[in-house]
Structures are given as structure tokens and as C-alpha cells.
Amino acid sequence: MSKQSILGRVAQLAKANINALLDQAEDPQKMLDQLIRDYTNNIAEAEQAVATTIGNLRLLEQDHREDLDAAKEWGDKALAASRKADELRAGGAAADADKFDGLAKVALGRQLQAEKEAKTAEPVIAAQTEVVDKLKAGLDSMKNKLTELQAKRDELVARSKTAEAQNRMMDAVQSIDVLDPTSEISRFEDKVRREEARAMGKQELAASSLDAQFEALDDLGRTSEIEARLAALKRAA
């Protein structure tokens, strides 16, 4: 995966509008689960690619330091050779002096080459450093998005469970309303009242029958009294 594609992928995912995606989803929980998997996989791939990019940058930086160190070292050697040449020339050893001046020139040439390589590497290192910084920032954003996605998923699951429980409760309430237990109680109360009324009727009926029997007994008593008085009248005559 190239640096450009990595950077583009990271930027695209980091800028994703989760709420807008949720609004468009038919099944938000499934979409969030899929997004979490996608983010997790992309973060893992991006981390590997970014690690490689960082490794390459560190190699460039190491080479740059080595070029700077080499330039300094060759500069020191050129100075030492030049001073030795001056010393020999002052002592009358012109041939040896020229030899050391030649060595100084060679060292200076190596110094220039090392400085050139170091200078050429500097803009590349700067560009790579910028890319790495962007990739690191993008990865941080992706990880934050992943945390946000997980929180959204957990929130959605909790809300779904709450809604499901509320729906079950409302269904139970509605079923109670449909059954209308108060009407059942009312019917039972009516039945009890009818039973009570029938019992009262039976009591009244029993009472009226008993009264009739006592009235008949009283009539019988009056008839006997009349007959007794009639008999007495006849005896007196």
C-alpha cells in the first residue's frame, strides 16, 4: 500500500460522519458492527504501513547523520593534511608537502560529496516527516472514531434493549386493557347480587308460607271456639 493510498484511507475514515451513516442505515446496529470491523482492520493495516514508513524515515535520518558525520570527518582530515603540507613545505620538503596537499584535496572532495548527499536528503526527510506526522494524526483520529463507534454501538444496543422491554410492558398493559378485568369483576358482582337476591326471595317466600300456616292455625282456633260457644248455647237452652 503506497503512502498516498494510506493517507487517503486514513483521512477518509477519520472524517466519516457516523451520525449521517446511522441515519441512512436500515439496521444501524449491524452497520455499526460492520464499521467497527472495517475500522479495526484498516487501523491494523494502516499501523503496519505507517510503521514501515516511519522505519524508512528513520533510515533516511540515520543516513543523513552519517553523511554529516562523514563530512565533518573528511573536513578534519583535509585540515590535518593541509597543516602537515604547510609544515613540510616550511621544512623544505616540497614534494612531500605537495603529496599531503593532494590528500587534503581528496578529503575535501569527499567532504563535498558527503555534504551534497546530506543536503539532497534533507527535503526528502522533511517530506517524509510531514507524511508520518499526518499518518500518526490520522491514526489517532481513526482510533478515536473507533472508540466513538464502539460507544455508539453500546448505546444503541442499550437503547434497543430498553425499547424492547418497554414494548413488552406496553403489550402487557394493552392486553390487560383488552381483557378489562374490571368488567369481569362487575360480572362477578352482578352474579353475587343475583344470588343474594334469590336468597332474599327464598327467605321471603319461606316467611310468607310460614305466616300462612300460622294464619290457618289461628282460623282453626277461631272455628273451634265458635263451635264450643254454640254448643254451650244449646246446652243452656
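In this text, residue positions in the sequence shown follow my numbering: the first is 1417, and each later residue adds one. Just so you know, even glycine gets a beta-carbon here, dropped at the ideal spot from N, CA and C.
Check: Spatial neighbours of A1615 within its chain, please: CB distance less than 7 Å, with the 5 preceding and 5 following residues excluded, ordered by chain position.; Outcome: none
Check: Counting only the same chain and skipping the five closest in sequence on each side, list residues whose C-beta sits under 6 Å from that of S1498.; Outcome: A1520
Check: From Q1420 to L1473, what distance separates their C-alpha atoms?; Outcome: For Q1420, the predicted structure reports a pLDDT of 49, less than 50, and the residue's modelled location is therefore unreliable. A value from the coordinates is still provided. Looking at the two C-alpha atoms, the distance is approximately 15 Å.
Check: Suppose the cutoff is 6 Å on Cβ atoms and the five residues either side in sequence are ignored; what does the same chain contact list for M1417 look like?; Outcome: Bear in mind that the predicted position of M1417 carries a pLDDT of just 45, short of 50, making it unreliable; the figure below should be weighed with that in mind. Cβ neighbours of M1417 beyond the five flanking positions: A1465.
Check: Closest to L1451 by CA distance: which of L1565, I1470 and A1511 is it?; Outcome: L1565
Check: Taking only runs of the alpha helix (DSSP H) that begin and end inside the segment 1436-1516, which ones reach a length of at least 4 residues, in chain order?; Outcome: 1444-1506
Check: Where A1511 and K1488 are concerned, what is the direct C-alpha to C-alpha distance, given to the nearest angstrom?; Outcome: 27 Å
Check: Tell me whether the beta-carbon of H1480 lies closer than 7 Å to the beta-carbon of A1534.; Outcome: yes
Check: Classify D1634 as buried or exposed, calling it buried when 16 or more other Cβ atoms lie within 10 Å of its own Cβ.; Outcome: exposed
Check: Counting Cβ pairs, one atom from each stretch, are 3 or more of them under 8 Å apart for the segment 1545-1562 and the segment 1489-1509?; Outcome: no
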